[in-house]
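So for the sequence shown, full-length UniProt numbering puts the first residue at 1; every next one is plus one. Glycine is no exception: its CB is placed at the ideal position from the N, C-alpha and C atoms. Owing to the predicted nature of the structure, the values given are computational and were not obtained by experimental measurement. Working notes, structure below.
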Amino acid sequence: GGAHVEKGGEATAGASSSGGGGLSPMRRAHPSSSSLPQMVATALSSAAALQQQQPSQDCAEHLRETSAFCSSFEDLQRCAVWVQSAEDMGRIDSRNRVVNESDPDRPRKIFFAAEPGRVPTLWGLLKGRASDLKRGVRFLNLGADRVFQPALMAPYDRSHHRGAGGGASFRDFFDYVRRTTGAEVRIDNLTRNHLRIDAGAEGSHGDSEGDKKEDASRRITLAEELIRLQVELLRDHSIRRHWWGFGRDWTLLCGDDADAAENGTADASGAQLAGATGVMGANARQNLSDPRAVAGTCIEISEINCTLDLDESVAAHACIILYRFLNRLAAQDPSANGSTSSHLKLREIALACLFLANKSQKVKRWKRLEDVLDAAYGSFYPGGTLTGKREEAANWERRVLTAESEILSALDSDVFWSGVDWIVSAAVESGRVAEPIARNAMELAMSGPVLAAGPRLWLRLGPEYAFAAVAGFLSIDVGNVFAAIPSLVPIKVGRAAEIIAASVRENASKKKASSRNGGSGGRGGGKNDLFNGGQLSLLNTVPLVQKACQAWMASRSLGANTGTEWTRQLESVGRRACRRIVIPDVSSDLFARRLLPAVDAIRAESGCDISFREVPETPGAESVVLEGEWRACALAERLLRNAVKQRSEPTPPANNSPQGASSSPEHADASVAGHSGMDTRPEEESPHSPGGTAWVSPSSASHCSGSATGGAGADVIGG
């Protein structure tokens, strides 16, 4: 690489015209006896540089802080790399003599902190990288997006991913990029977190060298754009999976709203349940494909739930599990399931759903399966009882447990939901709806005829729309409901009112548990006027509810823009679940050298909003503010702590240092961190606060703007 040995026993960087681009490694040759003192001094200097991981006087430019390649290269190859600065080139030559020349265009020395035998190998790797860059190969730094590498390299399912040629298929995403752009993409072996994009030497035979380079650059840019788009899709998919706090986003798994407008509500609800007939027996087939049978089953669930004296939300939970299971059966390929569910009947499925919901609720002690079957037998066969029918009861128990296993398997254990307590709390805490009225509306929304409205109401829209529609039926000002629950869309509330009215009209003559949900009678009271099927408030109020929704939309269109539905849903959840952690009194020096370079990567990886503000009372200090979901704040907090502790482990002070002080820059970083708001001790030793982990050392806790046990040190927004 252009290195040559001189008298002093030191290899220097010579200008090489054939390889390496003028870069050469520093190596040690066998010195002569006359240079022994100089060798000892140089060895001591090299040992200190290796211990502190800092450049010596010969190398003032450390690329780890500014180069993602060098940082990854050093971590993977277990070495350290420094490049001589232009200032040192003008002061020190190969014999350590001071000269007065400085030329930034001259070749520089490269220093490797590694075993001497590995220096040629490391130097060869760097020369290979320089050769690839000169040839036009581009390296894409994934950074925090490295977590998506396995997804990018995963093989495609040949039965679902087909190319433009019909029968052609791609092995993986990189193969798709190669066939689309002509650029080859693979993982960079030197860093493992870069993608190597090589367009090769393709081009027409008569093209000039400049045209070939321009075409290669264009193809590499297109490949890079495809990779970034795929990463964004993978990130969105990961975020959606991360937000499965209460299961899948079932609003995206149901049919389109246009189907309901064209085919009618009942037909559209039944269409969701159709398609599952291929996996059921003859009798079960007819029931599962009949929306009337499913609606009657939901009313029976409500009646059994009333007999067991459970909360209304348990029946709603059971119906939602039922709708989810039937929806998944409709989406599955019948040939893939064979006859695993051939013996399931609708009532057995309904009892299994009620048993699961019963075990999930925490309001009352959950009922045993025997109690559920006793209540169900009395509902299915009035006047009958399971007492003395041990064999029949045992067979029924086995079938219900089999149905429970099938449900958990089909839903991948996604049988949880967020409940309805937050709806009542939002309405009451807004101060616009009285608590008794809100609870009465919620009880009516979870009654049998409303639960029988179908998956379009309970999966695609959700319980909040059922609550808003019923509130409109009870002559509650819908504007107050919209103000209390900002995520509601007025036009969907009107559609929910139509769905509920159609369900009540269809199921008015069936068995109901509505006697429990009477508007003024309470538990066990008379049935409410909304469900008697006559010429009363329900059928006459639907147009009024829709007009009120349209009026509210017209009034809001003249005001401030409320954003998209997705944005308003996030804002609604954020107001209830957002957490803010303030880390006070972080020194500006520590902030600039340790935190600022890592903020963008931490923000992208954690999904937490990170901001900074000056502290007027403490000059030269900054406050770090973390805002977001508790999980995002905890992740960002840990990543920031790791960024501070990285290369900040304190080294033992030298014996001749005054008062045990260390002149090492890294030790100084640790000292600065100890006297700011950042605590560099191990995590288990860090003090904790109710609002999150406090990064305030005991010596500086009294100087912080907020104490470690509350105040500005750990603020919680909305609980």
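(Q) Per the DSSP calculation, asparagine 141 is bridged to which residue(s)? (A) Within the sequence shown, the letter at position 141 stands for residue 141. BP columns for asparagine 141 point to His194.
(Q) Under DSSP, the beta strand (DSSP E) around proline 597 begins and ends at which residues? (A) Here residue 597 refers to the residue found at position 597 when the sequence shown is read from its first residue. Segment: none, proline 597 is in no beta strand (DSSP E) and carries neither H nor E.
Q: Please classify leucine 579: does DSSP put it in a helix, a strand, or coil?
A: As a position in the sequence shown, residue 579 is number 579, starting the count at 1. Looking at the sequence provided, one finds arginine at residue 579 rather than leucine. Arginine 579: strand per DSSP, three-state reduction.
Q. For the beta strand (DSSP E) that isoleucine 437 lies in, which residues bound it at each end?
A. Position 437 of the sequence shown, counted from the first residue, corresponds to residue 437. Here isoleucine 437 belongs to no beta strand (DSSP E); instead the alpha helix (DSSP H) covers 435-445.
Q) Where leucine 640 and valine 599 are concerned, what is the direct C-alpha to C-alpha distance, given to the nearest angstrom? A) Residue numbering aside, residue 640 sits at position 640 when the sequence shown is read from its first letter. Residue numbering aside, residue 599 sits at position 599 when the sequence shown is read from its first letter. Cα-Cα distance, rounded: 8 Å.
Q: Go to arginine 631, then tell me how far its alpha helix (DSSP H) extends in each direction, as first and last residue.
A: To locate residue 631, count along the sequence shown from 1; it is residue 631. First-last of the alpha helix (DSSP H) with arginine 631: 630-645.
Q) Given leucine 76, which residues of its chain have a CB within under 8 Å of its CB, disregarding the five upstream and five downstream residues? A) The count along the sequence shown starts at 1 and reaches residue 76 at position 76. Closer than 8 Å at the Cβ level, and outside the excluded window around leucine 76, lie Leu190, Thr191, Arg192.
Q: Note down, in chain order, each residue of its chain lying with its Cβ closer than 6 Å to the Cβ of isoleucine 500, except the 5 sequence neighbours on either side.
A: Residue 500 sits at position 500 when you count from the first residue of the sequence shown. Counting only Cβ-Cβ distances below 6 Å, and skipping sequence neighbours, we find Val450, Ala453, Ala469.
**Q.** Three-pair Cβ contact test at 8 Å for the segment 290-298 versus the segment 418-435
**A.** No: fewer than three Cβ pairs fall under 8 Å.
Q | Host beta strand (DSSP E) of glutamate 184 (start-end) | A | Walking along the sequence shown from the start, residue 184 turns up at place 184. In the DSSP assignment, glutamate 184 falls within the unbroken beta strand (DSSP E) covering 184-187.
**Q.** Beta-carbon proximity list for cysteine 608, same chain, < 6 Å, skipping 5 on both sides
**A.** The sequence position of residue 608 within the sequence shown is 608, counting from 1. Same-chain partners within the cutoff: Leu626, Gly628, Ala632, Cys633, Ala636.
Q) For the beta strand (DSSP E) that contains isoleucine 610, what are its first and last residues? A) The residue given as residue 610 occupies position 610 in the sequence shown. It spans 609-614 - the beta strand (DSSP E) in which isoleucine 610 sits, taken as one unbroken run.
Q) Can proline 107 and alanine 86 be called in contact, C-beta distance under 8 Å? A) For this step, residue 107 is matched to residue 107 along the sequence shown. For this step, residue 86 is matched to residue 86 along the sequence shown. No. Outside cutoff.
(Q) Quick check: the Cα distance between aspartate 374 and glutamate 303, rounded to an integer number of angstroms? (A) In the sequence shown, counting from the first residue as 1, residue 374 sits at position 374. In the sequence shown, counting from the first residue as 1, residue 303 sits at position 303. About 13 Å.
Q) Is the number of C-beta pairs between the segment 407-417 and the segment 433-442 that are closer than 8 Å three or more? A) No: fewer than three Cβ pairs fall under 8 Å.
Q: Hey, could you find the ends of the alpha helix (DSSP H) tryptophan 422 is sitting in?
A: Here residue 422 corresponds to residue number 422 of the sequence shown, with the count starting at 1. Where tryptophan 422 is concerned, the enclosing alpha helix (DSSP H) stretches over 421-429.
Q. Going along the chain, which residues of its own chain have a beta-carbon closer than 7 Å to the beta-carbon of cysteine 549, five neighbours each way excluded?
A. Against the sequence shown, residue 549 aligns to sequence position 549. Excluding positions up to five away in sequence, the list reads Val478, Pro490, Ile491, Val493, Gly494.
**Q.** isoleucine 197 and glutamine 149 closer than 8 Å at C-beta
**A.** Position 197 of the sequence shown, counted from the first residue, corresponds to residue 197. Position 149 of the sequence shown, counted from the first residue, corresponds to residue 149. No Cβ-Cβ contact shorter than 8 Å links isoleucine 197 with glutamine 149.
(Q) With DSSP as the reference, identify every bridge partner of valine 450, one or two as the case may be. (A) The residue labelled residue 450 in the question sits at position 450 within the sequence shown. Beta-bridge partners assigned by DSSP to valine 450: none are found.
Q: Please confirm whether phenylalanine 473 and threonine 385 have their CB atoms less than 8 Å apart.
A: To locate residue 473, count along the sequence shown from 1; it is residue 473. To locate residue 385, count along the sequence shown from 1; it is residue 385. Between phenylalanine 473 and threonine 385, the C-beta spacing is not below 8 Å.
(Q) According to DSSP, simplified to helix, strand and coil, what is aspartate 585? (A) For this step, residue 585 is matched to residue 585 along the sequence shown. For aspartate 585, the three-state secondary structure derived from DSSP is strand.
**Q.** Cα-Cα separation between isoleucine 220 and valine 185, rounded to whole angstroms
**A.** Your numbering for residue 220 matches position 220 in the sequence shown. Your numbering for residue 185 matches position 185 in the sequence shown. Between isoleucine 220 and valine 185, the C-alpha separation is close to 9 Å.
Q: Give a yes or no on whether the C-beta atoms belonging to arginine 328 and alanine 410 are separated by under 8 Å.
A: For the purposes of this step, residue 328 is taken as residue 328 along the sequence shown, with counting starting at 1. For the purposes of this step, residue 410 is taken as residue 410 along the sequence shown, with counting starting at 1. Yes, they are a contact pair.
Q. How many angstroms separate the CA atom of phenylalanine 591 from the CA atom of valine 615?
A. For the purposes of this step, residue 591 is identified with residue 591 of the sequence shown, where counting begins at 1. For the purposes of this step, residue 615 is identified with residue 615 of the sequence shown, where counting begins at 1. Pairing phenylalanine 591 with valine 615, the inter-Cα distance amounts to about 13 Å.
Q: Compute the Euclidean distance between the alpha carbons of isoleucine 476 and alanine 466, then round it to the nearest angstrom.
A: For the purposes of this step, residue 476 is taken as the residue at position 476 of the sequence shown. For the purposes of this step, residue 466 is taken as the residue at position 466 of the sequence shown. The straight-line gap from Cα to Cα measures roughly 14 Å.
Q. What residues in its chain sit with their C-beta under 6 Å from that of histidine 237, if we drop five residues either side in the sequence?
A. Locating residue 237 in the sequence shown gives position 237, counting from the first residue. Excluding its 5 nearest sequence neighbours in each direction, histidine 237 has no C-beta neighbour in its own chain below 6 Å.
Q: Within 10 angstroms of the Cβ of leucine 152, are there 16 or more other Cβ atoms? Answer buried if so, exposed if not.
A: As a first step, residue 152 must be located in the sequence shown, where it is residue number 152. Here leucine 152 is buried, its C-beta having at least 16 other C-beta atoms within 10 Å.
Q.
Less than 8 Å between the C-beta atoms of alanine 68 and asparagine 141, yes or no?
A. Sequence index remark: in the sequence shown, residue 68 carries index 68 (1-based). Sequence index remark: in the sequence shown, residue 141 carries index 141 (1-based). Between alanine 68 and asparagine 141, the C-beta spacing is below 8 Å.
Q | Close beta carbons around residue 768, own chain, < 6 Å, minus the five adjacent residues each side | A | Here the chain covers residues 1 to 719 and nothing more, so residue 768 does not appear.
Q: Could you check the C-alpha separation between glutamate 300 and lysine 547 for me, to the nearest Å?
A: Here residue 300 refers to the residue found at position 300 of the sequence shown. Here residue 547 refers to the residue found at position 547 of the sequence shown. Each residue's Cα considered, the two are about 34 Å apart.
Q: Would you grab the beta carbon distance between threonine 180 and arginine 460 for me? Rounded to a whole angstrom, and I think it's under 8 Å.
A: Here residue 180 is taken as the residue at index 180 of the sequence shown, counted from 1. Here residue 460 is taken as the residue at index 460 of the sequence shown, counted from 1. Their Cβ separation, rounded to whole angstroms, is 36 Å, which puts threonine 180 and arginine 460 out of contact at 8 Å.
**Q.** Assigned secondary structure, leucine 308 (DSSP; H/G/I helix, E/B strand, else coil)
**A.** Indexing the sequence shown from 1 puts residue 308 at position 308. Leucine 308 falls in the coil class under three-state DSSP.
Q: Determine the extent of the alpha helix (DSSP H) in which tyrosine 377 is found, giving its start and end residues.
A: The residue you call residue 377 lines up with position 377 of the sequence shown. Tyrosine 377 -> alpha helix (DSSP H) spans 369-380.
Q: Output the distance between the C-alpha atoms of leucine 125 and valine 586, rounded to the nearest integer angstrom.
A: Counting from 1 along the sequence shown, the entry for residue 125 is found at position 125. Counting from 1 along the sequence shown, the entry for residue 586 is found at position 586. A straight-line Cα-Cα distance of about 40 Å links leucine 125 and valine 586.
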